[in-house]
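Q: Residue numbers (our numbering), protein chains in the order written: chain A, 1 to 202; chain B, 1001 to 1333.
Structure incoming, see below.
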Amino acid sequence: MGSEKAAAWMADFAAQIHENAAMLTDLDRQIGDADHGSNMDRGMKAVAAITAADFADDGAFLKKAGMTLVSTVGGASGPLYGTFLMRVGAAWPAEETAEGIGAALRAGLDGIVQRGKAVVGDKTMVDALTPALEAYDAAAGQGAQAALEAAAAACAAGRDGTTPLVARKGRASYLGERSAGVQDPGATSVTMLVEAAARTLG
Amino acid sequence: MKKLINDAADVVAESLLGVEAAHSDRVRVDHENKIIYRKDAPVSGKVGLISGGGSGHEPMHGGFVGMGMLDAACCGEVFTSPVPDQMMAATKAVDGGAGVLHIVKNYTGDVMNFEMAAEMAAAESGVRVEAVVTDDDVAVQDSLWTAGRRGVGVTVLLEKLVGAAAEEGRDLDAIVALAKKINGQGRSMGMALTSCTVPAAGQPTFELGENEMEIGIGIHGEPGRHRVPLAPAKDVAAMLVEPILADLDYSGAPVIAFMNGMGGTPLIELYLMYNEVAKLLGKAGIPIARNLVGNYITSLEMAGCSVTLLKADDDLVKLWDAPVNTPGLRWGC
């Protein structure tokens, strides 16, 4: 056991967020309120500062990461990412099998849907995560690494698919038809999370 | 970006230092949690009133903390909702034994963070917490398929009126019912002449041409629903008032009329606009019982305004006239 894998996942995600913060904020400027990159960067810096050695296992580390995001991010992203990681952490398997990791990620997605009440097609992170989890489950028989890579590819496709959609949740929904034509910032950042998972958790 | 700041990352924290320096007679500030408290909170036996939201809308909400209005305001980053830890801390600190009301504007982030705080407060302490969500912006189609209408100008009027009712000693159930009634009978519509610049973003949230204006704007620089050519004030007033009157039956009651500035529009224009609105209401046969004109719920340096019309009755007028002593609103004492 130990929390090295979870810590590596979060460190990778934090680096991706930091590198792309301006791009995320720019997407949010077009259909939201111009703060997604800076808010996520503030939260992931706090997560990256957590001492991994203080946590006995990956699940405990992820729960702490989730609580840290809830306490530091604000906006909708804080409760959504925070709920995701807290649920993933709580459901993290003692033995890190492909099925166990898949079930934990599924618990995280369920938490996001419960908190944000979005469904596929609303132009949110759910549009990327839902196909990602479907692809994961379909590939789980080939092992965690193959499943995570399949999930990352499906997540990116789901993210790209948000561009033509009209937003029905969050601040972008106030724009109505004018929200079409811009990629959803939340779907964009959550794809970085799943891609980071494929590099670190397999 | 031209702003009177030191570092974009320190804007909220340094502004709170200024609030404390200017108003320590009426409020105290928890700088770690970014909460502005009424100086004598908790007030024993009084329902505690908490609001909060992203910063950048000053004087709302921190400027409305004090006798006759809020007990605490939780300040988020600019245009970003505060986090549950803040509302948890504030809830425990202002409970005077009569329960606590959370006044939440209907934005996805605000609603989620206040919900998490209420769940955590219920689990950790015995404080009874109720919430009212304001959603008065007629620019947004009210539909199950959107995030719903935004909470805007009615929030200011609600904080004043409910604050007076709490000061009077009404209990939490009565306060919740009053807050819901106020939200149900008030509507708002806003417009912008310019965009605004979030300090951390460094550039305007959207671009508006020299001869354009945005109708149906929100308070976060999020674009509105229609971009139209610039028009005379009397036409702009009609574009704001007509959708409000079309949305709610205002017949048979006077209104509290609120002409709000978005932060970058001078009072000379707000009074000019108030006159246009008053003329339109006169034509529609709607008497104005009370009014409020000024910059109260702003969007940083955005130029523009919003109109809020709240159907009033004797009780609401009495609560409106009750003494209030906050940094942003003061009369009767």
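The beta carbon of each residue, even a glycine, is placed where N, CA and C say it ideally should be.
As the structure is a computational prediction, the values presented were derived from the model and not from experiment.
(1) Kindly say whether residue 1123 of chain B, judged by its beta-carbon, lies nearer than 8 Å to any beta-carbon of chain A.
(2) How would you call residue 1159 of chain B, buried or exposed, if buried means at least 16 neighbouring beta carbons within 10 angstroms?
(3) List the residues of chain B whose Cβ lies closer than 9 Å to the Cβ of residue 70 of chain A, in chain order.
(4) Who are the near neighbours of residue 17 of chain A in its chain, counting only those whose CB is closer than 7 Å to its CB and skipping five residues on each side?
(5) Examine chain A for any beta-carbon lying closer than 8 Å to the beta-carbon of residue 1218 of chain B, and answer yes or no.
(6) How is residue 1068 of chain B classed by DSSP in three states: helix, strand or coil?
(7) At 8 Å on the CB atoms, spell out the chain A contacts of residue 1201 of chain B, in chain order.
(8) Take every Cβ of the region 139-155 of chain A, pair it with every Cβ of the region 167-179 of chain A, and state whether three or more of those distances are shorter than 8 Å.
(9) Less than 8 Å between CB atoms is the rule here; does residue 1147 of chain B satisfy it with respect to chain A?
(10) Entirely within the region 1246-1333 of chain B and at least 4 residues each: give me those alpha helix (DSSP H) ranges in chain order.
(11) Would you mind stating whether residue 1104 of chain B and residue 1072 of chain B have Cβ atoms separated by less than 8 Å?
(12) When the cut-off is 8 Å and only beta carbons count, does residue 1152 of chain B lie next to chain A?
(13) Unbroken alpha helix (DSSP H) runs of length 4 or more, entirely within the region 1121-1202 of chain B: which are they?
(14) Whose CA, out of A:75, A:89, A:132 and A:129, lies closest to the CA of residue 6 of chain A?
(15) Compute the beta-carbon to beta-carbon distance between residue 1302 of chain B and residue 1328 of chain B, rounded to the nearest angstrom, for a pair I have assumed lies under 8 Å.
(16) Please state if the CB of residue 1013 of chain B and the CB of residue 1200 of chain B are separated by a distance shorter than 8 Å.
(17) If we ignore side chains and look at the alpha-carbon of each, how far apart do residue 15 of chain A and residue 118 of chain A end up?
(18) With a threshold of 8 Å between beta carbons, is residue 185 of chain A in contact with chain B?
(19) Does residue 174 of chain A get closer than 8 Å to chain B when you measure Cβ to Cβ?
(20) Answer yes or no: do residue 1154 of chain B and residue 1182 of chain B have a C-beta to C-beta separation smaller than 8 Å?
(21) How far does the alpha helix (DSSP H) with residue 82 of chain A in it extend, from its first residue to its last?
(22) Could you give the distance in angstroms between the alpha-carbon of residue 1135 of chain B and the alpha-carbon of residue 1178 of chain B?
(23) Excluding the 5 residues preceding and the 5 following residue 180 of chain A in the sequence, name in chain order all residues of the same chain whose CB lies nearer than 6 Å to its CB.
(24) Along the chain, where does the beta strand (DSSP E) containing residue 1101 of chain B start, and where does it finish?
(25) Within 10 Å of its beta-carbon, does residue 1031 of chain B have 16 or more other beta-carbons around it, so buried, or fewer, so exposed?
(26) Under a Cβ-count criterion, where at least 16 other Cβ atoms within 10 Å of its own Cβ denotes burial, should residue 27 of chain A be classed as buried or exposed?
(27) Reducing DSSP to helix, strand and coil, say where residue 36 of chain A ends up.
(28) Strictly under 8 Å for the Cβ-Cβ distance: is residue 1091 of chain B near chain A by that measure?
(29) Nearest to residue 1106 of chain B by CA position, among B:1332, B:1133, B:1023 and B:1234, is which residue?
(30) I believe residue 1309 of chain B touches residue 1255 of chain B by the beta-carbon criterion, under 8 Å. Please report the beta-carbon distance rounded to the nearest angstrom.
(31) Is it the case that the Cβ atoms of residue 132 of chain A and residue 158 of chain A are separated by a distance below 8 Å?
(32) Could you check which residue in B:1138, B:1167, B:1056 and B:1042 has the C-alpha nearest to that of residue 1069 of chain B?
(33) Can you tell which of B:1087, B:1212 and B:1019 has its C-alpha closest to the C-alpha of residue 1066 of chain B?
(34) Counting only the same chain and skipping the five closest in sequence on each side, list residues whose C-beta sits under 8 Å from that of residue 1087 of chain B.
(35) To the nearest angstrom, how far is the alpha carbon of residue 1216 of chain B from that of residue 1240 of chain B?
(36) Listing by chain order, which chain B residues have their CB less than 7 Å from the CB of residue 170 of chain A?
A: Well, looking at it:
(1) The residue you call residue 1123 of chain B lines up with position 123 of the second sequence. Judged by the 8 Å Cβ criterion, residue 1123 of chain B is not in contact with chain A.
(2) Numbered from 1 along the second sequence, position 159 holds the residue referred to as residue 1159 of chain B. Around the beta-carbon of residue 1159 of chain B, 16 or more other beta-carbon atoms lie within 10 Å, marking it buried.
(3) Counting from one through the first sequence, the residue named residue 70 of chain A turns up at place 70. What residue 70 of chain A touches in chain B, judged by beta-carbon distance under 9 Å, is 1083, 1084, 1085, 1113 and 1116, going in chain order.
(4) Residue mapping note: residue 17 of chain A aligns to position 17 of the first sequence, counting from 1. If we look at residue 17 of chain A and ignore the five residues flanking it on each side, its Cβ neighbours are 40, 41, 44, 189 and 192.
(5) To locate residue 1218 of chain B, count along the second sequence from 1; it is residue 218. Yes - at least one Cβ of chain A is within 8 Å of the one on residue 1218 of chain B.
(6) Within the second sequence, residue 1068 of chain B is the residue found at index 68, counting from 1. Three-state DSSP puts residue 1068 of chain B in coil, outside helix and strand.
(7) Looking up residue 1201 of chain B in the second sequence gives position 201. In chain order, 25, 29, 34, 35 and 38 make up the part of chain A whose C-beta sits under 8 Å from the C-beta of residue 1201 of chain B.
(8) No: fewer than three Cβ pairs fall under 8 Å.
(9) Against the second sequence, residue 1147 of chain B aligns to sequence position 147. Yes, its Cβ sits closer than 8 Å to a Cβ of chain A.
(10) Taking only runs of at least 4 residues, the alpha helix (DSSP H) segments lying wholly in the region 1246-1333 of chain B are 1267-1283 and 1314-1321.
(11) Against the second sequence, residue 1104 of chain B aligns to sequence position 104. Against the second sequence, residue 1072 of chain B aligns to sequence position 72. Contact: no.
(12) On the second sequence, residue 1152 of chain B is found 152 positions in, with the first residue counted as 1. Not an interface residue.
(13) Counting whole runs of 4 or more residues, the region 1121-1202 of chain B contains the alpha helix (DSSP H) stretches 1154-1168 and 1172-1184.
(14) The residue you call residue 6 of chain A lines up with position 6 of the first sequence. Of A:75, A:89, A:132 and A:129, the residue nearest in Cα terms is A:89.
(15) Residue 1302 of chain B sits at position 302 when you count from the first residue of the second sequence. Residue 1328 of chain B sits at position 328 when you count from the first residue of the second sequence. Incorrect: roughly 18 Å between the Cβ atoms, too far for contact.
(16) Residue 1200 of chain B sits at position 200 when you count from the first residue of the second sequence. Residue 1013 of chain B sits at position 13 when you count from the first residue of the second sequence. When the beta-carbon positions are compared, residue 1200 of chain B and residue 1013 of chain B stay at least 8 Å from each other.
(17) To locate residue 15 of chain A, count along the first sequence from 1; it is residue 15. To locate residue 118 of chain A, count along the first sequence from 1; it is residue 118. Going by the C-alpha atoms only, they are around 27 Å apart.
(18) Here residue 185 of chain A refers to the residue found at position 185 of the first sequence. With 8 Å as the cut-off, residue 185 of chain A does not count as an interface residue toward chain B.
(19) Along the first sequence, one-based indexing puts residue 174 of chain A at 174. Judged by the 8 Å Cβ criterion, residue 174 of chain A is in contact with chain B.
(20) The residue labelled residue 1154 of chain B in the question sits at position 154 within the second sequence. The residue labelled residue 1182 of chain B in the question sits at position 182 within the second sequence. One thing to note: residue 1154 of chain B has its Cβ within 8 Å of the Cβ of residue 1182 of chain B.
(21) Along the first sequence, read from residue 1 onward, the residue named residue 82 of chain A stands at position 82. It spans 77-90 - the alpha helix (DSSP H) in which residue 82 of chain A sits, taken as one unbroken run.
(22) Here residue 1135 of chain B refers to the residue found at position 135 of the second sequence. Here residue 1178 of chain B refers to the residue found at position 178 of the second sequence. Cα-Cα distance, rounded: 15 Å.
(23) Taking the first residue of the first sequence as position 1, residue 180 of chain A is located at position 180. Answer for residue 180 of chain A: 164 and 166, listed in chain order.
(24) Along the second sequence, one-based indexing puts residue 1101 of chain B at 101. Counting along the chain, the beta strand (DSSP E) containing residue 1101 of chain B begins and ends at 1100-1105.
(25) Sequence index remark: in the second sequence, residue 1031 of chain B carries index 31 (1-based). Per the 10 Å Cβ criterion, exposed.
(26) One-based indexing of the first sequence puts residue 27 of chain A at position 27. Buried, by the Cβ-count rule.
(27) Sequence index remark: in the first sequence, residue 36 of chain A carries index 36 (1-based). In the three-state reduction of the DSSP assignment, residue 36 of chain A falls in the helix class, which pools H, G and I.
(28) Translated into positions along the second sequence, residue 1091 of chain B becomes position 91. With 8 Å as the cut-off, residue 1091 of chain B does not count as an interface residue toward chain A.
(29) On the second sequence, position 106 is the one that residue 1106 of chain B refers to. Selected option, being the one with the closest Cα: B:1133.
(30) Here residue 1309 of chain B corresponds to residue number 309 of the second sequence, with the count starting at 1. Here residue 1255 of chain B corresponds to residue number 255 of the second sequence, with the count starting at 1. That belief holds up - the Cβ atoms of residue 1309 of chain B and residue 1255 of chain B are roughly 5 Å apart, short of 8 Å.
(31) Here the question's residue 132 of chain A lines up with position 132 in the first sequence. Here the question's residue 158 of chain A lines up with position 158 in the first sequence. Result yes, Cβ atoms of residue 132 of chain A and residue 158 of chain A sit closer than 8 Å.
(32) Taking the first residue of the second sequence as 1, we reach residue 1069 of chain B at position 69. If we check each option's Cα against that of residue 1069 of chain B, B:1167 comes out closest.
(33) One-based indexing of the second sequence puts residue 1066 of chain B at position 66. When only C-alpha atoms are compared, the closest one is B:1019.
(34) In the second sequence, the residue the question calls residue 1087 of chain B occupies position 87. Within the same chain, residue 1087 of chain B has close Cβ partners 1050, 1052, 1074, 1102, 1113, 1114, 1117, 1118 and 1121.
(35) Walking along the second sequence from the start, residue 1216 of chain B turns up at place 216. Walking along the second sequence from the start, residue 1240 of chain B turns up at place 240. One C-alpha to the other measures close to 8 Å.
(36) Position 170 of the first sequence, counting from 1, holds the residue named residue 170 of chain A. Simply 1108 and 1147.
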